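Q: For the protein sequence lines, the chains are A and B, in the order given.
Just so we're aligned, residue 842 is where the first sequence starts under the numbering used here, counting upward by one.
Just so we're aligned, residue 1368 is where the second sequence starts under the numbering used here, counting upward by one.
A virtual CB, placed ideally from N, CA and C, is assigned to each residue, including glycine.
Computed from a predicted structure; not experimentally measured.
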Amino acid sequence: MALVPLRLGPLTAKGFHVLRSGVRWLCRDGHGCRPGEIIAFCNIALTPAARDERNSSAAQPFADEIRDLQVAFAATARGRLRKSAASSRGGFLDLQPDHQFWTPDFVIGHLETASNEDAVTDSAESQLQLLMLAGRRTTELAEVRSGLLTGWHDRARAWWGGKDGERGTLLSLGICEQLGIIRGEKNAFLEFFDAAEGPAQVLFVPDDALVPCAQILTQQLHRTRADQLAIASDFVKSFAEGKVAPIGKGWIFAGALLSALQRSPLTERYPILTREGVSETGPANAVLLSLNSEAPVILRHKRLGYCISCHRFRMAETGPAVRSWLQNNFETVRRTIDEIRADYCRLIDAVRAKSDMKFLIMNMMSTSGYEDVYNYAPFDEPMGDSLASVHGKEMNLMLHDLAHERDISIVDVDAIAAELGAAAHLPDGIHASGQLQTELRSEILRILRGLGIPGFGPR
Amino acid sequence: MLLTLALPRINEQMTTAVIRTIYAAEGAAMTLNSKFLDLAIDLSATVVHDCPPISYYRIGLRDKAWLRKLLVAPGDYVEPGTVLAHFSTEAGEALEGVPSRAMRISIAGILNQSDWLG
């Protein structure tokens, strides 16, 4: 038996000290580890090395994410875990990242391996793999440090901190159907990184307040600072002068919506911390969209002309003030499938005028095992306006046309779910089982590899 | 001949359905393949959660019959097996007695038709 030390290894950022919390373990002492398995994590922070820069927020590369910046540790060998008693001090010392310096030689534990050498081994295997995680809080009030990437984030991301080579970035920008596929069962991208080898970065932008349909994404791309101020000013005026005063959750929804309207996820750049230091990357090499984001109806502001799309269940829960604001200030825009295709074309053309971003779009489930239609007489023309299966098929066909016109890749949820059995694995047509999410994750990785996006190689 | 229409178990995991729209009134002559009602099935009906998995369905009729008794109204929550309506193949037929068979129906998934700003 040999003991392999689990050493932090270097993590540096020029001009900064890297600080960390104590280690929080994700498995028990004695756990049988496999290479690449995430076994523990800690919170980290970067503080300016020079004293006079400590109060300079401009110098902070992770200014938007510094409170939820984490490093997860992956084992590099197979073996039985033996934790170091010095790895964790518990309590706030394991939550707050400002209690100790990151020291490359610190050993968080050991792996007992099956080697015949009865000695402590110190090799490349002893340096932990680092999976970096960062969450941009929707509000700093959403402080939830209970685990890996916990909290309410309007953007969450992860990347390997030590892999060499060209980095590829995938941006997940759909509805909730993408959540489990991208962030996995533990909500921290672990399954995605377990399935891919290479210096990848994966981002997830949720649809909490604003559903990212093509027209809204295009508007976000073109929105000027003056446009943003006009929208913000209208928010203030509308809620201040509205007949119904917003309650707390109404303000929170409005704030999250305003914040989303003022961002453009497709053009964002990202600081990256690796063992070699801080660099910047972005915009993403590939974006994953959902055809299910394209509701037949969206809302358009009557005066300012900007569009929003929100999940109905969210709108229903925001309270009377937000509902009144929506009813009085917005009009419904019913879109044909051709108009949705035109929205996609405008979005893709606008993005590709500035970058070579690849588009992957998840199609829709277009059949249901619960149906038994013998005759279409009970349905008014056009049937795509009322029958879900006809609507789904027409939308999927549109996506095929778009693939020919604009060279996008289709993630064929329709076929994969049907093959697995949609009644068991996609009972409402949107929310998939773990097995289906795994299949869709594999399909997305297969497409990324086919497109030559770096960083997502097979394990 | 008396016919009865009970809510089928449209989805294996459903506990209830909500009647949303009824397209006929008692006494109406229902033609073959006429639309009868729309309903919603919320798979999270017993526990509130984010992004509720709600599906919408339309029940159409595959028998020509008279709608004699309507036992539900829009907004009603009904469990699978609940009798929704009684029909007869003749207009003035007495409603006493055991129905001869179930109404033949078709079921189709539909899009949510409600007003977005309603």
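Among A/1036, A/1278 and A/1124, which residue has its Cα nearest to the Cα of residue 1258 of chain A?
A: Residue 1258 of chain A has its Cα closest to that of A/1278, out of A/1036, A/1278 and A/1124.
Q: Out of curiosity, what's the CA-to-CA distance linking residue 900 of chain A and residue 889 of chain A?
A: Those two C-alpha atoms are separated by around 8 Å.
Q: Using a Cβ-Cβ distance cut-off of 8 Å, determine whether residue 1130 of chain A contacts chain B.
A: No, residue 1130 of chain A lies away from the interface with chain B (no Cβ there is under 8 Å from its Cβ).
Q: In its own chain, which residues sit with a C-beta less than 6 Å from the C-beta of residue 1188 of chain A, not counting the 5 before and 5 after it?
A: Closer than 6 Å at Cβ, skipping near neighbours: 1055, 1058 and 1059.
Q: Look up residue 1402 of chain B in the DSSP assignment and give the residues it is bridged to.
A: B/1427, per the DSSP bridge assignment.
Q: Excluding five sequence neighbours on each side, which residues of the same chain lie with their C-beta closer than 6 Å to the C-beta of residue 1294 of chain A?
A: Only 1009, 1126 and 1127 meet the Cβ criterion.
Q: Which class does residue 1478 of chain B belong to by DSSP, given the choice of helix, strand or coil?
A: If DSSP states are grouped into helix, strand and coil, residue 1478 of chain B belongs with coil.
Q: Nearest chain B C-beta to residue 1277 of chain A closer than 8 Å, yes or no?
A: Output row for residue 1277 of chain A: interface = no.
Q: Write down the C-beta distance between residue 1270 of chain A and residue 1198 of chain A rounded to the nearest angstrom, noting that I regard them as a contact closer than 8 Å.
A: About 28 Å; that fails the 8 Å criterion.
Q: Ordered along the chain, which non-local residues of its own chain (more than five positions away) have a Cβ less than 6 Å from that of residue 985 of chain A?
A: Contacts found: 991 and 992.
Q: Report yes or no: is there a C-beta of chain A within less than 8 Å of the C-beta of residue 1371 of chain B?
A: So, not an interface residue.
Q: Who are the near neighbours of residue 898 of chain A in its chain, counting only those whose CB is closer than 7 Å to its CB and skipping five residues on each side?
A: Below a pLDDT of 50, predicted positions are generally treated as unreliable, and residue 898 of chain A, at 49, falls in that range; the measurement from the model is reported next regardless. Excluding positions up to five away in sequence, the list reads 904.
Q: Would you please verify whether the beta carbon of residue 1080 of chain A is less than 8 Å from any beta carbon of chain B?
A: So, not an interface residue.
Q: Distance, Cα to Cα, residue 852 of chain A vs residue 1108 of chain A?
A: Distance between the alpha carbons of residue 852 of chain A and residue 1108 of chain A is about 28 Å.
Q: Taking the C-alpha atoms as reference points, what is the distance between residue 927 of chain A and residue 949 of chain A?
A: Taking the straight line from one Cα to the other gives about 7 Å.
Q: To the nearest angstrom, report how far apart residue 1336 of chain A and residue 946 of chain A are at their CA atoms.
A: Outside the shown range of chain A, which is 842 to 1300, sits residue 1336 of chain A, and nothing can be said about it.
Q: Contact check, residue 1268 of chain A vs residue 1410 of chain B under 8 Å by CB: the rounded distance?
A: Yes, they are in contact, since the Cβ atoms of residue 1268 of chain A and residue 1410 of chain B sit about 6 Å apart, within 8 Å.
Q: Output the distance between the C-alpha atoms of residue 878 of chain A and residue 1131 of chain A, rounded to the nearest integer angstrom.
A: So the alpha carbons of these two residues sit roughly 30 Å apart.
Q: Near residue 1390 of chain B, what residues of its chain come up, given a Cβ to Cβ distance below 7 Å and the 5 sequence neighbours on each side ignored?
A: Counting only Cβ-Cβ distances below 7 Å, and skipping sequence neighbours, we find 1402, 1403 and 1404.
Q: Under 7 Å between beta-carbons, which chain A residues line up against residue 1431 of chain B? List them in chain order, please.
A: By Cβ distance, chain A contributes nothing, its closest Cβ being about 12 Å from residue 1431 of chain B, past 7 Å.
Q: Alpha carbon to alpha carbon, how far is residue 1247 of chain A from residue 1193 of chain A? Give it in angstroms, no decimals.
A: Rounded to whole angstroms, residue 1193 of chain A to residue 1247 of chain A spans 10 Å at the Cα level.
Q: Quick check on residue 1281 of chain A - is its C-beta less than 8 Å from some C-beta in chain B?
A: Not closer than 8 Å to any Cβ of chain B, the Cβ of residue 1281 of chain A fails to qualify, so no.
Q: Quick check: is the beta carbon of residue 1452 of chain B nearer than 8 Å to any beta carbon in chain A?
A: For residue 1452 of chain B, the answer is no, since every Cβ of chain A falls outside 8 Å of its Cβ.
Q: Show which residues of chain B have a CB atom less than 9 Å away from the CB atom of residue 1216 of chain A.
A: Ordered by position in chain B, the residues that pass the 9 Å Cβ test against residue 1216 of chain A are 1399, 1400, 1427, 1429 and 1473.
Q: Between residue 1203 of chain A and residue 1018 of chain A, is the Cβ-Cβ spacing less than 8 Å?
A: Yes, these two residues count as a Cβ contact at 8 Å.
Q: Return no unless some Cβ of chain A is closer than 8 Å to the Cβ of residue 1441 of chain B.
A: Cβ-Cβ to chain A under 8 Å: no for residue 1441 of chain B.
Q: Report the three-state DSSP secondary structure of residue 1010 of chain A (helix, strand or coil).
A: Looking at residue 1010 of chain A - three-state DSSP - the assignment turns out to be strand.
Q: Taking the CB atoms as reference points, tell me whether residue 1425 of chain B and residue 1377 of chain B lie closer together than 8 Å.
A: Contact flag unset, no.
Q: Using a Cβ-Cβ cutoff of 8 Å, what residues of the stretch 1201-1212 of chain A are near chain B? List them in chain order.
A: Answer in chain order: 1209, 1211 and 1212.
Q: Taking the alpha-carbon of residue 1014 of chain A as reference, which of A/1213, A/1215, A/1289 and A/1201 has the nearest alpha-carbon?
A: Residue 1014 of chain A has its Cα closest to that of A/1201, out of A/1213, A/1215, A/1289 and A/1201.
Q: At the 8 Å Cβ level, is residue 1377 of chain B part of the contact set with chain A, yes or no?
A: Yes, its Cβ sits closer than 8 Å to a Cβ of chain A.
Q: Check this for me: beta carbons of residue 885 of chain A and residue 938 of chain A, under 8 Å apart or not?
A: Against a cut-off of 8 Å, the Cβ pair of residue 938 of chain A and residue 885 of chain A comes out as a contact.
Q: Measuring only between beta-carbons, confirm whether residue 1264 of chain A sits less than 8 Å from chain B.
A: Interface residue, yes.
Q: What does the Cβ neighbour count give for residue 902 of chain A, buried or exposed, with the cut at 16 atoms within 10 Å?
A: By the 10 Å Cβ count, residue 902 of chain A comes out buried.
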